[in-house]
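For reference, the structure discussed in these notes is given below.
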Amino acid sequence: MKPTIVLVHGAFAESASWDGVIKLLLADGYPAVAVGNPLRGVKYDSDYLRATLGSIQGDVVLVGHSYGGMLITNAATGVPNVKSLVYVGAFAPDQGESAGDLAGKFPGSTLGETLNPVKLPDGSTDMYIKQDVYHHQFAADSSPADAAVWAVTQRPITEGALGEASPGEAAWKSVPSWFLFGDQDLNIPVASHRFMAERAGSRRTVELAGGSHTVAIPEAAALVDLIREAAA
Numbered sequence: 134m135k136p137t138i139v140l141v142h143g144a145f146a147e148s149a150s151w152d153g154v155i156k157l158l159l160a161d162g163y164p165a166v167a168v169g170n171p172l173r174g175v176k177y178d179s180d181y182l183r184a185t186l187g188s189i190q191g192d193v194v195l196v197g198h199s200y201g202g203m204l205i206t207n208a209a210t211g212v213p214n215v216k217s218l219v220y221v222g223a224f225a226p227d228q229g230e231s232a233g234d235l236a237g238k239f240p241g242s243t244l245g246e247t248l249n250p251v252k253l254p255d256g257s258t259d260m261y262i263k264q265d266v267y268h269h270q271f272a273a274d275s276s277p278a279d280a281a282v283w284a285v286t287q288r289p290i291t292e293g294a295l296g297e298a299s300p301g302e303a304a305w306k307s308v309p310s311w312f313l314f315g316d317q318d319l320n321i322p323v324a325s326h327r328f329m330a331e332r333a334g335s336r337r338t339v340e341l342a343g344g345s346h347t348v349a350i351p352e353a354a355a356l357v358d359l360i361r362e363a364a365a
């Protein structure tokens, strides 16, 4: 029986960002779940993902994009049916590291200057990417027309989540991991991706020339090849 592929989107996206990947997985006979990431905070969101994992029978391959990597790193720890982790343009933190720490570890991220803050009634702040720069910042290797739609449907993340330290023992220390990212990622510098993949002992690292932060949308087939490898 094939493992269930659990897909966890990141900030400024939503579950439909996995559509191309999902179509290929289903055609291959893999069961799949695209989790609706709450984007409220690392611990809260990781606990939500862990609860979702508890509802799935059989083996699981966890796939995280961007901030979703923070969650798979925490939710998989101590969950015996999670057999492998796939990081897709994603953060792979060690305990105590935040997304902001890892994005700023090497030069190259221009995300901060593109963000539009929205103050919430409880005093917290939601962050969106400004629609007029979304294509360039987030999805330069996809069409402007597609990126314009994603800019409208993007889901915000709390400002606090980006600065929240990863609370638990990193799952990549005990669970095999694979990495895929683009070398033109403007959210997480490519040097940060390389550092995280090497530190995690990545079984295979795929670096795609010209790839944006959302490289797995136009390169869905490359990601599914890596997922197949992780599933095996």
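Residue numbers (our numbering): 134 to 365.
Ideal Cβ positions, reconstructed from N, Cα and C, are used throughout, including at glycine.
Note that this is a predicted model, so its numbers are computed, not measured.
Inter-residue spacing [alpha-carbon to alpha-carbon] between residue i and residue j
i           : j           : result
residue 366 : residue 254 : Any question about residue 366 goes unanswered here, given that the chain covers just 134 to 365.
residue 342 : residue 322 : 13 Å
residue 217 : residue 308 : 6 Å
residue 259 : residue 336 : 36 Å
residue 435 : residue 364 : Because residue 435 is not part of the residues shown, which for the chain are 134 to 365, the question remains open.
residue 310 : residue 234 : 21 Å
residue 326 : residue 264 : 25 Å
residue 135 : residue 164 : 7 Å
residue 228 : residue 267 : 31 Å
residue 159 : residue 256 : 42 Å
residue 297 : residue 282 : 29 Å
residue 349 : residue 157 : 12 Å
residue 389 : residue 262 : Residue 389 is absent from the model: the chain starts at 134 and stops at 365.
residue 188 : residue 176 : 19 Å
residue 195 : residue 166 : 10 Å
residue 241 : residue 302 : 28 Å
residue 252 : residue 180 : 25 Å
residue 328 : residue 230 : 14 Å
residue 215 : residue 236 : 26 Å
residue 203 : residue 330 : 14 Å
residue 306 : residue 334 : 8 Å
residue 280 : residue 347 : 10 Å
residue 220 : residue 284 : 23 Å
residue 355 : residue 243 : 26 Å
residue 320 : residue 338 : 19 Å
Which residues DSSP lists as bridging residue i, in chain order
i           : result
residue 250 : 260
residue 197 : 141, 220
residue 313 : 221, 339
residue 166 : 139
residue 215 : 193
residue 290 : 260
Local Cβ density within 10 Å of residue i, reported as buried at 16 or more and exposed below that
i           : result
residue 318 : buried
residue 149 : exposed
residue 190 : exposed
residue 278 : exposed
residue 286 : exposed
residue 152 : exposed
residue 250 : exposed
residue 276 : exposed
Cβ separation of residue i and residue j, assumed to be a contact under 8 Å, to the nearest whole Å
i           : j           : result
residue 139 : residue 193 : 5 Å
residue 223 : residue 245 : At roughly 19 Å, the Cβ-Cβ gap does not stay under 8 Å, so residue 223 and residue 245 are not in contact.
residue 271 : residue 324 : At roughly 19 Å, the Cβ-Cβ gap does not stay under 8 Å, so residue 271 and residue 324 are not in contact.
residue 232 : residue 313 : Not quite, the Cβ-Cβ distance comes to about 18 Å (not below 8 Å), so this is no contact.
residue 293 : residue 169 : The pair is not a contact, with the Cβ atoms about 19 Å apart (cut-off 8 Å).
residue 274 : residue 213 : With a Cβ gap of about 37 Å, residue 274 and residue 213 do not count as contacting.
C-beta atoms of residue i and residue j nearer than 7 Å
i           : j           : result
residue 288 : residue 172 : yes
residue 206 : residue 304 : yes
residue 144 : residue 360 : no
residue 340 : residue 316 : yes
residue 226 : residue 299 : yes
residue 182 : residue 208 : yes
residue 198 : residue 269 : no
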